[in-house]
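K.L.:
Would you mind keeping the following structure in view while I ask a few things?
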Amino acid sequence: MNVINEAGILAISTRLHRFSEQLRKEGAMIYKAFGIDFELKWFPVIYTIYQKELASVVEIANEIGYTHPSTITLLKELENQELIEWKKDKQDERKRLFLLTHKGKELIEKMKPVWELMSQILGDIADNQNNLLKAIDEAEEKIANQSFYQRVLQLKNSNQL
Numbered sequence: 001m002n003v004i005n006e007a008g009i010l011a012i013s014t015r016l017h018r019f020s021e022q023l024r025k026e027g028a029m030i031y032k033a034f035g036i037d038f039e040l041k042w043f044p045v046i047y048t049i050y051q052k053e054l055a056s057v058v059e060i061a062n063e064i065g066y067t068h069p070s071t072i073t074l075l076k077e078l079e080n081q082e083l084i085e086w087k088k089d090k091q092d093e094r095k096r097l098f099l100l101t102h103k104g105k106e107l108i109e110k111m112k113p114v115w116e117l118m119s120q121i122l123g124d125i126a127d128n129q130n131n132l133l134k135a136i137d138e139a140e141e142k143i144a145n146q147s148f149y150q151r152v153l154q155l156k157n158s159n160q161l
């Protein structure tokens, strides 16, 4: 056990970050092992477009929970890789709708069996006594109702610290 683990709940952000980084690093290795040239940071955007088939910047940003500028940066990277393209919305000429290119669709088809393997293994990793995904869902729901920051301020004010 190290100091961070001993810090308990106080180090939750650090531990989640550490866990996330390990999954990212190994996820990149997995794609590489399957001969897939893909950056993990692109996953939420390309997966959203794949699921929705056609999506605006705002829709994508809302789906993945990223800021508008971060989403646009990722969209530009995917465009540069020729994995996605956009067309103007017929209802609103100012709005761009993103869709997969032929190359993007081919990549998704190549990735699907890898996603199945990853889902199976991650399911096994998360399926423990305190189901990880369910616990994250519950914690995110609590934070959506009242943020960590708001909760601390409320407690500070009620305790007059």
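Residue numbers for the sequence shown follow full-length UniProt numbering, so the first one is 1 and each next one is one higher.
The C-beta atom is built at its ideal place from N, Cα and C for all residues, glycine as well.
Here the structure is a predicted model, which is why all the values come from computation and not from measurement.
1. Can you tell me which of the three DSSP states ILE84 falls into?
2. Can you tell me the Cα-Cα spacing of HIS17 and LEU75, whole angstroms?
3. Give me the DSSP bridge partner(s) of PHE38.
4. Per DSSP, what are the beta-bridge partners of ALA55 in this structure?
5. Identify, in the order they occur along the chain, each residue of the same chain with its Cβ nearer than 8 Å to the Cβ of THR67, setting aside the five sequence neighbours on each side.
6. Out of curiosity, what's the CA-to-CA distance linking LEU40 and LEU23?
7. If you draw a straight line from the C-alpha of ASP37 to the C-alpha of ILE143, how long is it?
8. Check whether the Cβ atoms of LEU83 and GLY65 sit closer than 8 Å, and answer yes or no.
9. Use the C-beta contact count for TYR31: other C-beta atoms within 10 angstroms, 16 or more gives buried, fewer gives exposed.
10. So, are the CB atoms of TRP42 and LEU78 less than 8 Å apart?
11. Assuming VAL57 and THR71 make a contact with CB atoms under 8 Å, what is their CB distance in whole Å?
12. Report yes if the CB atom of ALA126 is closer than 8 Å to the CB atom of LEU133, and no otherwise.
13. When you compare the CB positions of TYR47 and LEU100, do they come within less than 8 Å of one another, or not?
14. Find out if the Cβ-Cβ distance for the pair ARG94, TRP86 is shorter than 8 Å.
P.N.:
A quick look at the data gives this:
1. strand
2. So the two alpha carbons sit approximately 24 Å from each other.
3. The bridge partners DSSP lists for PHE38 come to none.
4. PHE98
5. ALA61.
6. 10 Å
7. Each residue's Cα considered, the two are about 35 Å apart.
8. Cβ atoms of LEU83 and GLY65: not closer than 8 Å.
9. Flag for TYR31 reads buried.
10. yes
11. 6 Å
12. yes
13. no
14. no
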